[in-house]
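Notes to accompany the following structure.
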Amino acid sequence: MTITVVANSDQADLPLVPAQNELEHLLALAPAFQEPTLSALRQAAIARLREQHLPTPREEDWRFTDLSRLRSRSFQAPIAPLAPEIVAEVRHLLCERAFATAAQLVLIDGHYCAELSRFSSDRLQKIPPPQAVGSIVTPEVFSDLNAALLAEAIALRVEYPIADPIEIFYVSSRQQQSVVAPRLWVEVAANAEATLIERFMSLTGDQQFTNSVTELQIAANARLNHVRIQHQSPTALHIGYTAIRQDRNSRYRGHAIDLGGSLSRHHWQIQAIAAATTTSLKSLAIGMNDQIVDTHSVVLFQAPHSRSEQVHKCILGDRAHGIFNGKVIVPQQAQLTDASQLNRTLLLSDKARVDTKPQLEIVADNVKCSHGATVSQLAAEDIFYLRSRGLDERQARDLLVKAFALEQLADLHPEPLRQELEEALLAALR
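Position one of the sequence shown corresponds to residue 1 (full-length UniProt numbering), numbered consecutively onward.
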């Protein structure tokens, strides 16, 4: 079955009724449901979608994000998942990445592949998706679309500190234009600690629309290091939502790296529901050619004595478009909050463009909060200095760009992953 979504390059003029029809067309692609415990979540999402439409620039959160590439695609129902030849291709792809892990879970086109997944630690459990799935993420059109289209959800529980990382591979395999909706739920129990690595990858020719949702529940005194890598093909579409709920004295440290996709958007939502939480967000987006790379975040403090630090960097070349919208919310009850936010963008081309919108919403009167944004090009005096040391202009420019990018990876663990990412970043910048 082929579904053609109405194309319209001028989103501001989109009437609402055709936009609703776009969602109806996407809903028609829903696979057979395999999670009876989540049927209420799916039905509620479908009901909300009946009242919504795909976002247009009329909505403030989508003001700068051009979704015409999503609207112009003709999506198809997925071919039978986990075909043996595709599993063999993915197995070969994973062989290139080998370091010790507590678990390796593989989803191909949104379906769990038991053949390629393994657990090597008894401190980690794969559990049935709990009724709480959907309770952290704020309902909006794409999180609802994920719930409406998901075939199954992966749920994990970390009971004790785990030294080796947990790796989740989301692999898009098909060459036709299909929609996949992976969903992950992770509970980190009180006093536990873990490192979670999510990788979004493509086999060659991927033109899929990946619409993912990850929910992370971090209990009191727990620690979670989270690395999210989006490295899909240049023709893929990717929209991801990561929602985190932090309890008392917990720590969340997140790295998000966006390298691929024609259109990519990642939304970070942090809820600090108790006192003395610590949150660190570092992200890096690289856009070349005519890529659109979009990062949104909301950090909501609901109790006192918590701290957050966020640094987002963006490197844009050619005709790429970058977007950053970061919001920190400090209500009256969140006294003594310490929050900082910084967005730095490096433009490598006169035609590259960035829209940045850092926001602070503060009601409490005893807080320390700051935000800032810088947009710059390579400084002529820096290039001159490096050339005076024997480098040619190309080498000098490359060195400065690499230093700007790699700073975001300085505290990323494990070490083999950092080395792998440094190589991928340098390849993307060539």
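C-beta: ideal position from N, C-alpha, C; glycine also.
Residue i: first and last residue of the uninterrupted alpha helix (DSSP H) it sits in
i	result
Cys-95	84 to 95
Arg-71	68 to 71
Leu-184	Note, Leu-184: premise wrong, no alpha helix (DSSP H); beta strand (DSSP E) at 183 to 188.
Glu-35	Element bounds for Glu-35: n/a, residue is neither H nor E.
Pro-416	415 to 429
Under 7 Å between C-beta atoms of residue i and residue j
i	j	result
Ser-143	Tyr-252	no
Ile-218	Val-171	no
Asp-338	Lys-368	yes
Gly-372	Leu-406	no
Val-311	Ile-270	no
His-226	Gly-260	no
Leu-222	Ala-192	The amino acid occupying residue 222 in the given sequence is Ala; Leu does not appear at that position. Yes. Within cutoff.
Ser-212	Pro-182	yes
Thr-101	Asp-294	no
Ser-370	Ser-340	yes
His-321	Ile-292	yes
Arg-199	Phe-169	yes
Thr-277	Ser-250	yes
Leu-316	Ala-147	no
Ala-275	Phe-301	no
Secondary structure of residue i, DSSP reduced to three states
i	result
Asn-21	helix
Ile-46	helix
Thr-210	strand
Arg-245	strand
Ile-383	helix
Asp-144	helix
Lys-368	strand
Phe-64	coil
Asp-338	strand
Ala-272	strand
Glu-407	helix
Ala-114	helix
Ser-172	strand
Ala-393	Just to set this straight, residue 393 is Glu in the shown sequence, not Ala. Here Glu-393 sits in helix by DSSP.
Ala-151	coil
Leu-263	strand
Leu-412	coil
Leu-237	strand
Ser-388	helix
Length of the line joining the Cα atoms of residue i and residue j
i	j	result
Phe-119	Val-186	15 Å
His-266	Arg-228	10 Å
residue 433	Arg-397	Coverage of the chain is limited to positions 1 through 430, which leaves residue 433 absent and any answer about it impossible.
Thr-382	Ala-403	The question names Thr, but residue 382 is Asp in the sequence shown. Cα-Cα distance, rounded: 12 Å.
Glu-89	Ile-108	11 Å
Ala-32	Pro-129	17 Å
Tyr-160	Glu-51	43 Å
Gln-176	Phe-384	48 Å
Glu-422	Asn-21	43 Å
Ser-264	His-305	34 Å
residue 453	Arg-389	Beyond the ends of the chain as shown, which are 1 and 430, falls residue 453; an answer cannot be given.
Leu-27	Ser-178	12 Å
Ile-362	Glu-115	50 Å
Gln-104	Lys-351	41 Å
Ser-386	Gln-377	The residue asked about is misnamed: residue 386 is Leu in this sequence, not Ser. One C-alpha to the other measures close to 16 Å.
Gln-395	Arg-430	11 Å
Phe-209	Arg-73	9 Å
Asn-289	Arg-69	15 Å
Gln-419	Leu-412	10 Å
Tyr-112	Leu-196	17 Å
Arg-344	Arg-63	20 Å
Leu-67	Thr-56	8 Å
Thr-374	Val-87	44 Å
Glu-243	Leu-399	Rather than Glu, the amino acid found at residue 243 in this sequence is Ala. If you take the alpha carbons of Ala-243 and Leu-399, they lie about 35 Å apart.
For residue i: DSSP bridge partner residues
i	result
residue 498	Residue 498 lies beyond the stretch modelled for the chain, which goes from 1 to 430, so this question has no answer here.
Asn-225	Thr-195 and Arg-253
Asp-314	It is worth fixing the name first, because residue 314 is Cys in this sequence and not Asp. BP columns for Cys-314 point to Ala-285 and Thr-345.
residue 438	For residue 438 there is no data in the structure shown, the boundaries of the chain being 1 and 430.
Phe-119	Ala-103
Val-401	Paired residues: none, contrary to the question.
residue 448	Lying before the first or after the last residue shown, residue 448 is absent from the chain, which here runs from 1 to 430.
Ala-373	Asn-343
Gln-232	None, per the DSSP bridge assignment.
Ser-202	Ser-172
Ile-329	Leu-300 and Glu-361
residue 478	Look at the range of the chain in this structure, 1 to 430, and you will see that residue 478 is not part of it.
Thr-279	Tyr-252 and Ser-308
Asp-258	Gln-230 and Ala-285
Where the beta strand (DSSP E) containing residue i begins and where it ends
i	result
Tyr-160	Taken as a continuous stretch (DSSP letters only), Tyr-160 belongs to no beta strand (DSSP E), as it is neither H nor E.
Leu-300	292 to 301
Gln-125	124 to 127
Near the ligand FAD: residue i beta-carbon under 6 Å from a heavy atom
i	result
Met-288	The ligand FAD is absent from the structure shown, which contains no ligand whatsoever.
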